[in-house]
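Numbering (full-length UniProt numbering), first residue to last: 1 to 358. Quick reminder that beta carbons are idealized off the backbone N, C-alpha and C, glycines included. All figures in this text were calculated on a predicted structure; none of them were measured in a lab. Right, one structure below, let's go through it.
Take a look at the structure:
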């Protein structure tokens with residue numbers, strides 16, 4: 001690792017600073033602390049609006065535009081936006097860049113386009129407004145997606161998430177300051193520890209850090225921090241219908257129905273069924289699922305109660321979920337790769353070693 005002061009890009013998926021009533025109250029105090037407490041050279045490049053749940057996606061058909069932002073005020077919610085960069089004015093601490101793109105887009109543009117080649121040492125994505133423990137959250141997270149994007153450009157990365165815990169919402173200012181302090185400590189420790197060599201089988205690409213916003217992080221003895229693995233979880237419904245007026249019911253319509261100009265074959269099938277006592281293939285196509293008969297309007301309204309409040313029996317010791325739900329901070333080393341699975345063996349597919357026999 002370089003011995004000079006590290007130059008760090010901070011990005012997120014929650015967008016520019018807001019107060020606690022908004023969805024991005026954490027990035028401003030954390031970015032200020034990285035510079036103030038650790039003395040790091042901090043560059044902030046974030047989406048111009050909230051881009052949660054987008055994973056490591058890129059909008060490839062649109063032109064990504066942006067503005068320079070000079071945040072001021074106690075929450076960073078005040079300040080001037082400009083088309084072009086300018087010198088800092090009194091009361092301004094740093095220059096931010098707001099891009100009309102995804103978190104992964106912000107990370108990639110920051111690394112390759114905004115600053116001199118090779119000058120970025122570390123990308124920290126976050127702090128996310130909420131936890132990113134377990135696979136169901138992590139695989140959807142724009143916070144982790146931006147960190148993954150950085151690692152794919154050979155830049156060490158940390159994905160930082162602050163969990164909003166039941167009974168402590170909204171989090172107190174003391175919890176937020178405690179999270180700022182311990183997150184800086186952990187970032188410094190991880191920077192000192194490093195990321196293993198790229199050719200190592202067990203290399204680390206991203207450290208996913210989850211901090212619970214609750215009394216344990218400001219306890220006299222200090223918060224507990226664990227190395228963890230990522231819990232494996234799943235989710236159910238993510239979208240909810242907003243339709244109020246039922247659509248006209250067409251008995252023989254829907255996705256599985258056959259075209260109207262083929263109805264003659266259906267009638268022929270009926271005659272054949274009557275004479276032979278068997279359902280024709282065309283008639284079978286008329287069988288439709290009539291469960292949903294309303295205008296197709298859906299909004300994102302995830303049913304994730306079991307992920308936010310998992311049952312104690314479902315928590316496995318050594319996982320990020322277990323640590324967070326017990327008031328501890330989890331640090332999960334992960335790789336920017338899909339995990340390989342053993343291929344199933346069965347009579348349905350004959351093989352010659354790894355080669356299929358079709």
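Range of the contiguous beta strand (DSSP E) that encloses residue i
i: residue 47; result: 41-47
i: residue 300; result: 298-300
i: residue 177; result: Unbroken run through residue 177 is the alpha helix (DSSP H), 173-193; no beta strand (DSSP E).
i: residue 97; result: 96-99
i: residue 226; result: 225-227
Continuous alpha helix (DSSP H) stretch holding residue i: start and end
i: residue 103; result: 103-109
i: residue 34; result: 27-36
i: residue 134; result: 134-138
Beta-bridge pairing of residue i - partner residues as DSSP gives them
i: residue 82; result: 68
i: residue 239; result: 300
i: residue 334; result: 206
i: residue 355; result: 352
i: residue 128; result: 161
i: residue 212; result: 163
i: residue 346; result: 349
i: residue 60; result: Answer is none; residue 60 lacks a bridge partner.
i: residue 8; result: 42, 122
Assigned secondary structure, residue i (DSSP; H/G/I helix, E/B strand, else coil)
i: residue 155; result: coil
i: residue 307; result: helix
i: residue 145; result: helix
i: residue 319; result: strand
i: residue 217; result: helix
i: residue 13; result: coil
i: residue 324; result: helix
i: residue 122; result: strand
i: residue 266; result: Note on residue 266: pLDDT 41, under 50, position unreliable in the model; the coordinate value appears next. Reduced to three states, the DSSP call for residue 266 is helix.
i: residue 277; result: For residue 277, the predicted structure reports a pLDDT of 49, less than 50, and the residue's modelled location is therefore unreliable. A value from the coordinates is still provided. In this structure, residue 277 counts as coil in the three-state DSSP scheme.
i: residue 341; result: coil
i: residue 252; result: Caution is warranted here: a pLDDT of 43 is assigned to residue 252, below 50, making its placement in the model unreliable, and no coordinate value can be reported.
Whole-number beta carbon distance between residue j and residue i, since they are thought to touch under 8 Å
i: residue 145; j: residue 57; result: 7 Å
i: residue 124; j: residue 110; result: That belief does not hold up - the Cβ atoms of residue 124 and residue 110 are roughly 11 Å apart, past 8 Å.
i: residue 229; j: residue 319; result: 5 Å
i: residue 34; j: residue 184; result: 6 Å
i: residue 147; j: residue 209; result: That belief does not hold up - the Cβ atoms of residue 147 and residue 209 are roughly 10 Å apart, past 8 Å.
i: residue 240; j: residue 299; result: 6 Å
i: residue 12; j: residue 54; result: Residue 12 to residue 54, Cβ: 12 Å. No contact.
i: residue 302; j: residue 226; result: About 27 Å; that fails the 8 Å criterion.
i: residue 329; j: residue 170; result: Going by Cβ atoms, the distance from residue 329 to residue 170 rounds to 20 Å, so no, they are not a contact pair.
i: residue 112; j: residue 151; result: Actually they are not in contact, since the Cβ atoms of residue 112 and residue 151 sit about 14 Å apart, beyond 8 Å.
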